[in-house]
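Numbering-wise, the working numbering puts 452 at position 44 of the sequence shown, and it's gapless, one number per residue.
Ideal Cβ placement from N, Cα and C applies to all residues, glycine included.
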Amino acid sequence: MSQPWLTFALLFAAGWLAYGLRVVRRGLREHRGVRLLGVRGSLTKGEVARGPRREGPTSHPAQIRYQAGPRNQTYRRAPLNADQHSLWVGFEVVARYDPQDPRRVVVVRTQQTFNPGTYVMNGLLLCLFGVGLAVWSLI
Numbered sequence: 409m410s411q412p413w414l415t416f417a418l419l420f421a422a423g424w425l426a427y428g429l430r431v432v433r434r435g436l437r438e439h440r441g442v443r444l445l446g447v448r449g450s451l452t453k454g455e456v457a458r459g460p461r462r463e464g465p466t467s468h469p470a471q472i473r474y475q476a477g478p479r480n481q482t483y484r485r486a487p488l489n490a491d492q493h494s495l496w497v498g499f500e501v502v503a504r505y506d507p508q509d510p511r512r513v514v515v516v517r518t519q520q521t522f523n524p525g526t527y528v529m530n531g532l533l534l535c536l537f538g539v540g541l542a543v544w545s546l547i
């Protein structure tokens with residue numbers, strides 16, 4: 409390793425690999441939030457009606473407004489995975505709800521995030537890029 413460019417290339421590759429692993433970890437964490445629902449669920453669009461707030465020692469999660477169920481009723485509920493997303497008033501969200509109990513809902517993504525599968529796929533591609541860069545620099 410007497411060439412300085414080789415050291416730089418390997419550090420650059422390690423950085424891409426670490427960033428890819430971080431993105432994969434985020435995607436898996438958000439996918440775990442979708443599994444809280446327990447069923448495949450149905451997709452719906454909604455918006456954040458009330459942001460997270462604190463009243464004295466009690467902390468209240470954000471609430472989203474969405475239409476669900478057989479008669480397209482409007483619900484205003486706190487999602488099961490409200491702590492995994494930054495939910496501010498007015499944000500558009502894509503949510504999954506339980507068809508048997510439309511009051512049970514999880515947020516799949518917001519207007520500022522992707523769905524969990526996209527994070528995992530992008531993270532894996534970044535990891536492959538880092539490994540490929542390391543192999544290319546050693547050849």
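- Around the CB of Glu463, fewer than 16 other CB atoms lie within 10 Å, so the residue is classed as exposed.
- For Leu444, the CB contacts under 7 angstroms within the same chain, skipping 5 residues up- and downstream, are Leu488, Asn489, Val514 in chain order.
- Secondary-structure assignment with DSSP links Glu463 through a beta bridge to Thr466.
- Here Trp424 has Leu534, Phe537, Gly538, Leu541 as same chain residues with Cβ atoms under 7 angstroms from its own Cβ, once five neighbours each way along the sequence are excluded.
- Across the set Gly525, Thr482, Val456, the C-alpha of Thr482 shows the shortest separation from the C-alpha of Arg511.
- Three or more pairs of CB atoms, one per stretch, sit closer than 8 angstroms, so the segment 437-451 contacts the segment 489-502.
- Boundaries of the beta strand (DSSP E) around Leu451: 450-458.
- DSSP, read as helix, strand or coil, puts Gln492 in helix.
- Counting every other CB atom within 10 Å of its CB across the protein chains shown gives Val501 a total of 16 or more, marking it as buried.
- Distance between Leu451 and Tyr474, taken at the CA atoms: about 10 angstroms.
- Ala476 has Gln481 as its beta-bridge partners, per DSSP.
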